[in-house]
Structures are given as structure tokens and as C-alpha cells.
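A short worksheet on the structure shown next.
Protein chains: 2
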Amino acid sequence: MSIEVIGIEDLPIIQPGDDLAGLITGKITFIDGDILCVASSVYSKSVGNIRHIAEISPTQEAERIASLTHEDPRFVQAVLDSSIEIILDCPFILSRLPFGHIGVRAGVDHSNVEDGIVILLPSDPMAAAEQIRSAIKEKTGANIRVILTDTCGRAFRRGQTGHAIGWSGMTGIRDFRGDHDLFGHELLITEEAVVDEIAGFANFVMGESNRGVPAVVFRNMDLWNGHDIMYFNESEDIIKESLKKR
Amino acid sequence: MSIEVIGIEDLPIIQPGDDLAGLITGKITFIDGDILCVASSVYSKSVGNIRHIAEISPTQEAERIASLTHEDPRFVQAVLDSSIEIILDCPFILSRLPFGHIGVRAGVDHSNVEDGIVILLPSDPMAAAEQIRSAIKEKTGANIRVILTDTCGRAFRRGQTGHAIGWSGMTGIRDFRGDHDLFGHELLITEEAVVDEIAGFANFVMGESNRGVPAVVFRNMDLWNGHDIMYFNESEDIIKESLKKR
Chain A
439 MSIEVIGIED LPIIQPGDDL AGLITGKITF IDGDILCVAS SVYSKSVGNI
489 RHIAEISPTQ EAERIASLTH EDPRFVQAVL DSSIEIILDC PFILSRLPFG
539 HIGVRAGVDH SNVEDGIVIL LPSDPMAAAE QIRSAIKEKT GANIRVILTD
589 TCGRAFRRGQ TGHAIGWSGM TGIRDFRGDH DLFGHELLIT EEAVVDEIAG
639 FANFVMGESN RGVPAVVFRN MDLWNGHDIM YFNESEDIIK ESLKKR
Chain B
439 MSIEVIGIED LPIIQPGDDL AGLITGKITF IDGDILCVAS SVYSKSVGNI
489 RHIAEISPTQ EAERIASLTH EDPRFVQAVL DSSIEIILDC PFILSRLPFG
539 HIGVRAGVDH SNVEDGIVIL LPSDPMAAAE QIRSAIKEKT GANIRVILTD
589 TCGRAFRRGQ TGHAIGWSGM TGIRDFRGDH DLFGHELLIT EEAVVDEIAG
639 FANFVMGESN RGVPAVVFRN MDLWNGHDIM YFNESEDIIK ESLKKR
């Protein structure tokens, strides 16, 4: 059993309006079942999901938080505009996005972009993954699977890792409910967040720096069953509740 | 750029006293630079790092927590004995281990083991990874790298993913400090927890179920620079502090 993981190199720097799926299919010949991971920042830039800092007028609330976090109030305003719930405002903004994801600075990114521009997370990353998948099917006939990745911090551990924020052609969670272990016991751990495990390794291959590898293909990957309920509901999220009381 | 990820199949069910490195080297020919991921539960079982439930006498504190979590008080005692700090006792035990890791039930595992036995996390997983690495060097001459994995929950997201609890031959964190992005900006995200990204994908290949793939090899992997400071110190860990005040 061997899986091949291929970093897609030598893509140009993506600009708004670029045909991202077309640029990717120019670099690799897909086969059915491949999983393509794409950095969400690159997807967002290709569809123009960016903001010009100079065009943002910060509110009083953005000014207040910016004075705590020592950031540009216009950048903070972009974070607030992307968020539906602020969980922490200091030492960094931690907030929830409309699609359920909780992340630092709402995933608003000002690395690897030209001066004065920030990149937002896709507002509907599941639809975005489906859109890439359809475009590749249309261009090549290949029936692939797609994950959009973002780089996030974690609880209790230093450093950032890649996470899946949208996916298409597979479920986010592999569900082992009803399975039994090697000794016939029913499994206690029943939910594995496989899209995050794949997105994390894709992020390793992409690198965070100036390598310019915004897409990674996984070949010879299993199929699995499961579901897409990735985010806790209000009563389940003990950590969010504790942080809001802080 | 292509990485090969190989699941090591058809290993026997590991028993205390088994030569784990020898069993693995019987299934694959290593080459220098390979990264071998091993499930920590399998390593622990091979070195006899297990407890027999029938031999554990629960304290009053274990009885109290067991009544909250609806678990066997002797199992709870094994969790308490593995922990140096209890962060939550309900709805599940979340605790810190001596080597710094914070996890649910202190990583004490009663899946894939014979009835009446629990498997503990290695008490010094960095030394354990180094021990596997040395044993493989001695047996084969190959200079590989090793990660010990465990399956853990995460904040804000459902489902479990693989994490690295020990590693040898590489740093846990890849440090981009001083690097610049494609536009010449200094990078804001400077620390990537690469061993967790690799461990997560290894966990995907292992599966959580009855596949019997306790070891995964990554071939053609980069080298990187960084450090091993994986865990927050007391004043940095906002989430731990908030949970303890709960």
C-alpha cells in the first residue's frame, strides 16, 4: 500500500481573474480518485476575494481592539467584517466565521500578497471546493476530490498546522461507528477528521514560505464513509464557552 | 517533487517483549532520510508499558471523577496516575502529562488491547523515538527519522487526528523566522508544527480501526531547521488557564 504525494510547482503568482483550475491542470494529469489540496488564500485571490486596506474605514470597535493587539485598525476591521462572533480580542483576535470555522484573525491573510491587500477566506469554502472539482471534471474528465486548506494554530501546542476549511467529493469525518477493533471490541474513537489530516500534510508539502507550491495532489487514496459535521454546536464547545467567560 | 507514503502491513499483533524495530525492518528496506511513524500504543505495548485493570485500586478522587464520567474507577485511576495536572474532570478528563502533552484521558488507551489491559503513553516519548531510531540504525545501517503518534481531539472541531508525541532525527517545529514571502515581506507565521502534520497523515494511513497498520514510512522528505519547544509555558496557555477557571 503506497500513496504518492505530489507538490505542484512552477505555478505563476495567482492574480484575480486567473483560471486556477486551468493553471493546475496544465501542470498535472489527474486520474480518478486523486485528492487535490489547494491553499485557500490562492483560491481566494483567484476569485478576487481580497480587500484593499486603503478602502477600509475602521469602526470604534476596530480601533479599540487594534490598540490592544497593536495592529492596523483597518486590518482589524477586515477581521471583524469576516466574523460573526468574537471569542477573544486580546492577545489576538479569535473569532467564528459564518461557515463555522473558529480561527485567529478570522483567517484574514496579509502574507504573500502585494502591499496594501489582504486575502479573505472563501465565504463558502464547501462551495468553493465543489467549484474547483467541477472545473477540473469539465476540463479533464477526471473525477477527483478537492480540499481547501488554511494554516491555523491549535490549543495546547505551539506552531501552526494545515486544516481543511472546505472539501468536495468526500466526507470531512471518517466514521468508524459500528466497527470493531482487532480484539472484537466496539471502537470508542469513532470519528476521525481525515480531511484535516490530509490538509495538514498538504501544508507541509506546500511549505509556509516562498516555495510557491500552492497545490498538492494525493494519489492512491482510500475511499471512506462518514459525515460533514465538523464544528461543535453551542452546547458542546466547552473551550469556546470558557474563553468567552474569560 | 513527489513523496511516497508506505503503510507497513501484515505485522503480527505486538506483545510485550516483542522486538518492534526488528519486526518493522523485516517488512521494509529503509533508506537514509526516511521518516518512520509508529503508533505510540504499539510501541508502549512492545515495551510492556501497560497496566492490568484488576490490579489497580482506585482512590476516592478516582471514584469521584468516575461517577461524573461514567467510567471504571480503576481506569480513571490509571489516567490520574499518568497525569501531573488535571485541567477538566467532566465531561471528560483532560490532563497534562509529565512530558508536557495535554490530552483526553492522558492518552490511556483501551482499544485494540486484550480485555483487562490498558496501554499507557510512553513516559518519555522523545527517548522512545530515539530508541527506535537507534535500533533501526543498528540493524540496517540506515539513518532514518522517527515519530511516535497518538490520536487526539482538538479545540473547536469534531473528530480526532494523529499528533506527534515524540520524535527523533528532526525538530518538531519548522522555524521560518527570518524567511521572506514571495513579495519580500518578512513572514508573520514563523512556526509550523511539521511533526504533527506528518503524524496526522500517518494516522490517516494507519486507520483507527482493525486494519493493523501500526507503522507508516514517508520517503523523499525534506530536511528543515527549527526547534523542539512544542508545548506552551504556563503564562502562554490561555486555553488551559480558561478551562481551569471554569
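Here the protein sequences come in this chain order: A and B.
To convert a position in the first sequence, counted from 1, into the working numbering, add 438.
To convert a position in the second sequence, counted from 1, into the working numbering, add 438.
Even glycine gets a Cβ: it sits at the ideal position worked out from N, Cα and C.
All figures in this text were calculated on a predicted structure; none of them were measured in a lab.
Check: Sub-8 Å separation of Leu449/B and Pro652/B beta-carbons; Outcome: yes
Check: Residues that DSSP places opposite Cys528/B in a beta bridge; Outcome: Beta-bridge pairing links Cys528/B to no other residue.
Check: Which listed residue (Glu674/B, Gly664/B, Gln453/B and Gly591/B) has its alpha carbon closest to that of Asn641/B; Outcome: Gly591/B
Check: Simplified DSSP state of Glu630/A, which is helix, strand or coil; Outcome: strand
Check: Within 8 Å of chain B by C-beta, residues of the region 590 to 601 of chain A in sequence order; Outcome: Arg592, Ala593, Phe594, Arg595, Arg596, Gly597, Gln598, Thr599, Gly600 and His601
Check: Cα-Cα separation between Leu586/A and Ile494/A, rounded to whole angstroms; Outcome: 27 Å
Check: Contact under 8 Å by Cβ, Ala637/B with His601/B; Outcome: yes
Check: DSSP three-state assignment for Gln598/A, whether helix, strand or coil; Outcome: strand
Check: Bridge partner(s) assigned by DSSP for Phe468/B; Outcome: In the DSSP output, where bridge partners are listed per residue, Phe468/B has none listed.
Check: Residue-level contact to chain B via CB, Arg684/A, 8 Å cutoff; Outcome: yes
Check: Segments of 3+ residues assigned as beta strand (DSSP E) that fall wholly inside the region 531 to 618 of chain A; Outcome: 532 to 534, 540 to 542, 555 to 557, 583 to 590, 599 to 606 and 611 to 613
Check: Cβ of Asp675/B within 8 Å of any chain A Cβ; Outcome: yes
Check: C-alpha gap between Val655/A and Ala477/A, whole angstroms; Outcome: 12 Å
Check: Selection from Gln598/B, Arg612/B and Ser520/B that minimises the alpha carbon distance to Arg612/A; Outcome: Gln598/B
Check: Cα-Cα separation between Trp662/B and Met608/B, rounded to whole angstroms; Outcome: 8 Å
Check: For Ile469/B, the nearest candidate out of Leu458/B, His490/B and Ile444/B (CA to CA); Outcome: Ile444/B
Check: Those residues which DSSP pairs with Val476/A across a bridge; Outcome: Leu586/A and Ala653/A
Check: Contacting residues, own chain, Cβ-Cβ under 6 Å from Ile603/B (five flanking each side not counted); Outcome: Ser478, His539, Pro563, Leu586 and Asp588
Check: Supposed contact pair Ile531/B and Arg512/B - C-beta distance, whole angstroms, cut 8 Å; Outcome: Going by Cβ atoms, the distance from Arg512/B to Ile531/B rounds to 14 Å, so no, they are not a contact pair.
Check: Three-state secondary structure (DSSP) of Glu523/B; Outcome: strand
Check: Given Ile582/A as reference, the closest of Ile667/A, Met439/A and Ile462/A once Cα atoms are compared; Outcome: Ile462/A
Check: Delimiting residues of the beta strand (DSSP E) encompassing Glu499/A; Outcome: From DSSP, Glu499/A is part of no beta strand (DSSP E) but of the alpha helix (DSSP H) over Gln498 to Thr507.
Check: Buried or exposed by the 16-neighbour rule on C-beta atoms within 10 Å, applied to Gly464/B; Outcome: exposed
Check: Beta-carbon proximity of Ala565/B to Val584/B, cut-off 8 Å; Outcome: no
Check: Short CB-CB distance (under 8 Å) between Gly445/A and chain B; Outcome: yes
Check: Neighbour flag for Ser680/B against chain A, beta carbons, 8 Å; Outcome: yes
Check: Contact between the region 451 to 459 of chain B and the region 480 to 497 of chain B (3+ Cβ pairs under 8 Å); Outcome: yes
Check: Proximal residues to Thr578/B (C-beta, below 7 Å), its chain only, five neighbours per side dropped; Outcome: Thr463 and Phe468
Check: Neighbouring residues, chain A, relative to Ala653/B (Cβ below 8 Å); Outcome: Per Cβ cutoff of 8 Å: no residues; Ala653/B is ~12 Å from chain A at best.
Check: Residue environment, Asp547/B, which counts as buried when at least 16 other CB atoms sit within 10 Å; Outcome: buried
Check: C-beta contact flag for Ile525/A and Ala593/A at 8 Å; Outcome: no
Check: Contact check, Arg657/A vs Ser606/A, beta carbons under 8 Å; Outcome: no
Check: Proximity test, Cβ basis, 8 Å: Asn641/A and chain B; Outcome: yes
Check: Limits of the alpha helix (DSSP H) - the one that Glu679/A falls within; Outcome: Ile676 to Lys683
Check: Contact under 8 Å by Cβ, Ser680/A with Arg684/B; Outcome: yes
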